[in-house]
Amino acid sequence: MTKFRPCIDLHHGSVKQIVGGSLSADERGLLTNFESDQPAGYYASLYKADQLRGGHVIKLGPGNDVAAREALAAYPGGLQIGGGIHVENAVDWLRAGASHVIVTSWLFDSSGCFLKERLDQLVAEVGKERLVLDLSCRGQGEGWVVAMNRWQTPTDLKVDVATILELAGYCDEFLVHAADVEGKCEGVDVRLVEFLGRHSPLPVTYAGGANAFEDLERVDRLSGGKVDLTIGSALDLFGGSQIRYADCVAWNRGL
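According to the numbering used here, the sequence shown is numbered sequentially starting from -4.
Written out as structure tokens, the structure reads:
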């Protein structure tokens, strides 16, 4: 069954909901849907109280380490951490309380070429059971390619059946943000959800575009219950009006 997975997106130390495709290096075109007056630890404590596991903390750029550590300390073992993760800091984040580390950009060179040797190094350092591979992607032709550097730079790694099956041997889960619809509340990428449900041998969390409580049922149906759903900007917890957080908690409990 598809589960609701919570998130804490951090930007300059604050909990925010951002239109993913607008997050460039200079931030000139940044579109922010919501900025919380509550600290990251507040949300982590809430998720812990509601027994929501497998959520993720994503550091969107620099200046987020303190807030991220606060969240992990509030819910040790209950949250994954991503954003700027590499072989030299991964163990430190696990020791700080993360259940898993999430990695994308470090697995590529500056031009977007996949570096398999870096994945081998990371697996040797933390073990595949503590690693989540972020295959957050943008559409390209009829398919998708992984996007790095805050979803701005397309890479040479296609999100296709061969990639999914190969990388499944190196991690515990996949995280997939659909960067083209992230933060827009215009609906989930139906083709991508169906693809992930059909082909991934591992648990997958999908994020991007959810705009109605019924999206939980829709993702459950489209993926055969194999893909979990993260909901951000549409959630009342983050200033949205379309989806109640309490309803998502109840969904997970089967109420």
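Built from N, CA and C at the ideal position, the CB exists for glycine as well. All figures in this text were calculated on a predicted structure; none of them were measured in a lab.
**Cut-off 6 Å between Cβ atoms - residues of its own chain near S228, not counting five sequence neighbours on either side** = In the sequence shown, the residue the question calls residue 228 occupies position 233. For S228, where only same-chain residues beyond five positions count, the Cβ hits under 6 Å are Q12, N28, G178, C180, G235.
**Prompt:** What did DSSP end up calling I238 once you bin it into helix, strand or coil?
**Reply:** Working through the sequence shown from its first residue, we reach residue 238 at position 243. DSSP places I238 in strand when its eight states are reduced to three.
**Message:** In whole angstroms, give me the CA-to-CA distance for P1 and L47.
**Reply:** Indexing the sequence shown from 1 puts residue 1 at position 6. Indexing the sequence shown from 1 puts residue 47 at position 52. Straight-line Cα distance between these residues: approximately 7 Å.
**Asked** What is the DSSP secondary structure of I80, counted as helix, strand or coil?
**Response** Position 85 of the sequence shown, counted from the start, is the residue given in the question as residue 80. Reduced to three states, the DSSP call for I80 is coil.
**Asked** Using the beta-carbon count (16 or more within 10 Å), is A119 buried or exposed?
**Response** Numbered from its first residue, the sequence shown carries residue 119 at position 124. So A119 ends up on the exposed side.
**Prompt:** So, helix, strand or coil for P101, using DSSP?
**Reply:** To locate residue 101, count along the sequence shown from 1; it is residue 106. The displayed chain sequence assigns Trp, not Pro, to residue 101. Of the three classes helix, strand and coil, the one that applies to W101 here is helix, per DSSP.
**6 Å CB neighbourhood of C243 in its chain, flanking five on each side removed** = For the purposes of this step, residue 243 is identified with residue 248 of the sequence shown, where counting begins at 1. Closer than 6 Å at the Cβ level, and outside the excluded window around C243, lie F(-1).
**Prompt:** Taking the DSSP output, what are the residues bridged to M143?
**Reply:** Mapped onto the sequence shown, residue 143 falls at position 148. M143 is bridged to T148.
**Sequence-distant residues of the same chain with beta carbon closer than 7 Å to E65, five excluded per side** = To locate residue 65, count along the sequence shown from 1; it is residue 70. These residues qualify, in order along the chain: P34, A35, G36.
**Request:** Determine the closest residue to T158 out of V176, A85, D129, with distance taken between C-alpha atoms.
**Result:** Residue 158 sits at position 163 when you count from the first residue of the sequence shown. Ranking the options by Cα distance to T158, first place goes to D129.
**Request:** Below 7 Å CB to CB, which residues in the same chain sit around D45 once its five sequence neighbours on both sides are set aside?
**Result:** Numbered from 1 along the sequence shown, position 50 holds the residue referred to as residue 45. Closer than 7 Å at Cβ, skipping near neighbours: V244.
**Request:** Just the C-alpha distance for N77 and A142, rounded to the nearest angstrom, thanks.
**Result:** Numbered from its first residue, the sequence shown carries residue 77 at position 82. Numbered from its first residue, the sequence shown carries residue 142 at position 147. Per the sequence shown, the amino acid found at residue 77 is Gly instead of Asn. For G77 and A142, the distance between alpha carbons rounds to 14 Å.
**Request:** Could you tell me which residues DSSP pairs with H6 in its beta bridges?
**Result:** Translated into positions along the sequence shown, residue 6 becomes position 11. H6 pairs with S9.
**Item:** Pairwise C-alpha distance: A163 and I238
**Value:** As a working mapping, residue 238 is identified with position 243 in the sequence shown. As a working mapping, residue 163 is identified with position 168 in the sequence shown. Each residue's Cα considered, the two are about 32 Å apart.
**Request:** On a CA-only basis, which of A91, V140, G192 is nearest C251? Give me that one, please.
**Result:** Since the displayed the chain opens at -4 and closes at 250, residue 251 lies outside it and no answer follows.
**Request:** State yes or no: is the C-beta of L126 within less than 8 Å of the C-beta of V98?
**Result:** As a working mapping, residue 126 is identified with position 131 in the sequence shown. As a working mapping, residue 98 is identified with position 103 in the sequence shown. Yes, these two residues count as a Cβ contact at 8 Å.
**Request:** In the DSSP assignment, find the unbroken alpha helix (DSSP H) run with Y38 in it and report its ends.
**Result:** Here residue 38 is taken as the residue at index 43 of the sequence shown, counted from 1. Taken as a continuous stretch (DSSP letters only), the alpha helix (DSSP H) holding Y38 covers 35 to 44.
**Item:** The alpha helix (DSSP H) enclosing D111, as first and last residue numbers
**Value:** Along the sequence shown, read from residue 1 onward, the residue named residue 111 stands at position 116. The question names Asp, but residue 111 is Lys in the sequence shown. Taken as a continuous stretch (DSSP letters only), the alpha helix (DSSP H) holding K111 covers 111 to 121.
**Prompt:** Does the beta carbon of A68 fall short of 7 Å from some heavy atom of the ligand PLP?
**Reply:** You won't find the ligand PLP in this model; it holds no ligand whatsoever.
**Asked** Quick one: what does DSSP say D223 is sitting in, helix, strand or coil?
**Response** Working through the sequence shown from its first residue, we reach residue 223 at position 228. DSSP places D223 in strand when its eight states are reduced to three.
**Asked** Can you check whether the CB of Y240 is closer than 8 Å to the CB of L230?
**Response** One-based indexing of the sequence shown puts residue 230 at position 235. One-based indexing of the sequence shown puts residue 240 at position 245. It is a contact, given that the beta carbons lie within the stated cut-off.
**Asked** Beta-carbon separation of V214 and Y201 under 8 Å?
**Response** The sequence position of residue 214 within the sequence shown is 219, counting from 1. The sequence position of residue 201 within the sequence shown is 206, counting from 1. Yes. Within cutoff.
**Message:** Which runs of the beta strand (DSSP E) at least 3 residues long sit entirely within the region 145 to 208? Give them in chain order.
**Reply:** 148 to 153, 168 to 172, 199 to 202
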